[in-house]
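Going by this note's numbering, the sequence shown opens with residue 1007, and the numbers climb by one from there.
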Amino acid sequence: MTNNWKSVLCFAVIAGFAVVLLAIIPQIYFQYHRSENYNGSTFLYNGDEVYYASYLQFIIDGRPRKGNLVVGEEVPQGYETYFSIQFIPAYLVALFSKLFGVSADGSFIFLSVIFGFLSGLSVFFFFLKLTENPYYSLFGTLFLIVFGSAAAGISLLKEAFGLGPSPFYLTFLRRYVPLISFPFVFLLIYSVWAAMTAIVIRSIRINSVIASLSFCVIVYSYFYYWTGMLAWLLCVLCLLPICRGRDARKRIKLFVIPFLAITAVFCIPYCLMLLNRNALSDNSMLLEHTRTIVLLRPTVLVGIGIILSTLFFVWVKRLRLNQPTTLFVLSFGFLPLVVFNQQVLTGVAIQPYHYERYLVNYTNLAAVVIIIFELYRGRIHNMKSYIWVLFSLILFAWGVAEMHSSAKKFYWYGVERDNGSIVSKRLRQIANRGAHSKQAARTLNFDSIQGANQTTFASTDVLWAEHLPYLLGMSEVEKRQRYFINLYLQDKSEDWIEQRLENCPNEPCRVLIGQQVNRTLMINPPTTSHKTVNGLVAEYREFLKNINQRLIEQNKVSFVVVRERSKNSFEKLDMWYERYKEEKLGNYSIYFVRLRNHY
């Protein structure tokens, strides 16, 4: 045990700054390679970050929490969305953004720094509480952070062994969730550990309060974290009587009563909000009714391995079942089994792969770090400090390699997004002048990347972007109407639709067939038949036959954004609109348009 708190704080700061450096490597890489062409945008390496940035910009602009995100209605809607329910991260970052006058896009860099640092601290102090060894805690922190994506089955290691591409690395860094929630997860775990090992009753109650407050923050931050942590707490409470014997009942009572009291007060509004959600959101979230047992997932198999190896070491008396560390290792091992198989009881699953990428991969690694320490406690304490420093440097170097690879992989997207940012900022200026505010400022975006990212710089309306149905809870009819008009005005034929629907996954597939074309999202993803494709092509063909003035007016646009290097056809657009003014910005043109009179 170390009593030198200055030394401990030094290691904690090193752990925090190590995570910060890993988090900002993509941004540094991007700005360095963009050089004088850099337009000030933040590098995004996860496609979902566009969704969160759009809602965040909406809040920064002072719009109501339940307002119509894209149209910009000032009066709140009557229902909740998953974004309006999970509002704590958005309002927290919006407060910072308003204080420093930055957009949602710019605030993402702040998130990487501040919450990357807090993530490193939270994991470090959890391991320090268990091991009382700052060197091993630093090593454990970097091990968990760096190999979290590998534990989820997506990493540079996967690609190195020729097992296919990975979407991104260091998954917890996705902004603004789960990054903001991640430190609270380990604060919750830390508090539960402190309560389960405390001798003084007062300490149990204090840590119960801290755990419950952490849980409540998570509840209003990220669905997959609060449901995952609830499952983990249930695992701990079920295992506690086995591991702690007669002491368990008293300890559970002292912990659970304050926890439930505080949680109930804060979570009743959450339940009411959830009941008032837009029912259409369930479709966009791929709510799945199934009772399928899931075992062949990487994290589930690792969890089973953790359980079996722990029980083996208990059998050979290398570990004791009544040790608190054994309790935690077993609870972490059972967690993947629970979250991936809760549907056996509930009959409902919602994209459970999120647990694998953002939660149980990290708790599995925490279990590995703990069990290694318990098995080799004496050797670890006696190892020279420079050995742990060397191990930590190796882990950090691997983390640098993974983040550098992420930066290279998504550099092209960053370039397209950065180029389009000047258009988005200009449209914000036009909308703020008043003449083209709110609905009147709707744009038709020929370039999908620029269109999708426009709302991350300004709460201006776009006719279509792929994330709109998630943010607005659109009906299937409204979604298809918007999408079809978007395609029609860009002069996309039925042959264009058919060709893309036969080569999924791509945007037309995700929009018209559904997100289930990404087969990792569901436990039992449906297959797409030729009949389905033919039906969608026929639907678009029928739409083209029945296009009329009323439909065009209902989806009126005031601006058209095109990328000059692309092959743009204005035949259909010019049938209905007059392009009366043009502004050139970099590789883009903004056309000011007005409807022609067809009456």
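Cβ coordinates follow ideal geometry from the N, Cα and C atoms, glycine included. Here the structure is a predicted model, which means the values were calculated and not measured.
- Backbone CA spacing between residue 1081 and residue 1586 [nearest angstrom]: With a pLDDT of 47 at residue 1081, under the threshold of 50, the modelled position of this residue cannot be trusted; read the value that follows with caution. Roughly 33 Å separates the two Cα atoms.
- Item | Range of the contiguous beta strand (DSSP E) that encloses residue 1323 | Residue 1323 -> no beta strand (DSSP E), and no H or E assigned at all.
- Query: Would residue 1284 be called buried (16 or more neighbouring beta carbons within 10 Å of its own) or exposed?
  - Reply: buried
- Task: Just the C-alpha distance for residue 1581 and residue 1554, rounded to the nearest angstrom, thanks.
- Result: Near 11 Å, if we compare the C-alpha coordinates of residue 1554 and residue 1581.
- Message: Below 8 Å, how does it come out for the stretch 1327-1340 and the stretch 1383-1395: are there three or more Cβ pairs, yes or no?
- Response: no
- Query: Near residue 1510, what residues of its chain come up, given a Cβ to Cβ distance below 6 Å and the 5 sequence neighbours on each side ignored?
  - Reply: 1523
- Please name the residue in 1051, 1047, 1022 and 1015 whose C-alpha comes closest to that of residue 1415. Nearest option by C-alpha distance: 1051.
- Task: Can you have a look at residue 1263 and say buried or exposed, based on whether 16 or more other CB atoms are within 10 angstroms of its CB?
- Result: exposed
- Message: According to DSSP, is residue 1158 part of a helix, a strand, or is it coil?
- Response: Here residue 1158 sits in coil by DSSP.
- residue 1464 (DSSP reduced to helix, strand or coil): DSSP, read as helix, strand or coil, puts residue 1464 in coil.
- Message: What does DSSP give as the partner residue(s) for residue 1380 in the beta ladder?
- Response: Paired residues: none, contrary to the question.
- Item | Classification of residue 1277 by the beta-carbon crowding that lies within 10 angstroms, buried from 16 upward | exposed
- Message: Between residue 1103 and residue 1066, how many whole angstroms is the CB-CB distance? I'm expecting something under 8 Å.
- Response: 5 Å
- Message: For residue 1534 and residue 1525, what's the separation of their Cα atoms in angstroms?
- Response: 11 Å
- Task: Grab me the residues of residue 1057's own chain with a C-beta within less than 7 Å of its C-beta, minus the 5 sequence neighbours each way, in chain order.
- Result: 1473, 1476 and 1477
- CA nearest to the CA of residue 1122, picked from 1140, 1298 and 1148: The alpha carbon of residue 1122 has as its nearest neighbour, out of 1140, 1298 and 1148, the alpha carbon of 1148.
- Message: Bridge partners for residue 1294 per DSSP, in chain order?
- Response: Partner(s): 1355.
- Item | Meets three-Cβ-pair contact criterion under 8 Å: the stretch 1178-1189 and the stretch 1417-1436 | no
- Task: Within its chain, find whatever has a CB closer than 6 Å to the CB of residue 1308; leave out the 5 residues flanking it on each side and keep chain order.
- Result: 1370
- Query: Given that a residue counts as buried once 16 or more other Cβ atoms are within 10 Å of its Cβ, and exposed if not, what is residue 1241?
  - Reply: buried
- Query: With DSSP run on the structure shown, which of helix, strand or coil describes residue 1538?
  - Reply: helix
- Could you round the C-beta distance between residue 1130 and residue 1017 to whole angstroms and report it? I think they count as a contact, below 8 Å. 7 Å
- Query: Which full runs of the beta strand (DSSP E) of 3+ residues lie inside the stretch 1536-1585, going along the chain?
  - Reply: Qualifying beta strand (DSSP E) stretches, in chain order: 1565-1569.
- Would you list the one or two residues that DSSP bridges to residue 1601? 1583
- In three-state DSSP terms, what is residue 1451? strand
- Message: Between residue 1493 and residue 1469, how many whole angstroms is the CB-CB distance? I'm expecting something under 8 Å.
- Response: The pair is not a contact, with the Cβ atoms about 11 Å apart (cut-off 8 Å).
- Query: Under 8 Å, do residue 1377 and residue 1335 count as touching if we go by C-beta distance?
  - Reply: yes
- Task: Could you pull out every residue in the same chain whose Cβ sits closer than 6 Å to the Cβ of residue 1272, ignoring the five residues on either side in sequence?
- Result: 1222
- Starting from the Cα of residue 1316, find the closest Cα among 1599, 1333 and 1213 and give me that residue. Checked all of 1599, 1333 and 1213; the closest Cα to residue 1316 is 1333.
- For residue 1224, which residues from the same chain have a beta carbon less than 8 Å from its beta carbon, with the 5 sequence-adjacent residues on both sides left out? 1187, 1190, 1191, 1194, 1231, 1232 and 1235
- Task: Return the CA-CA distance between residue 1458 and residue 1519, expressed in angstroms with no decimal places.
- Result: 19 Å
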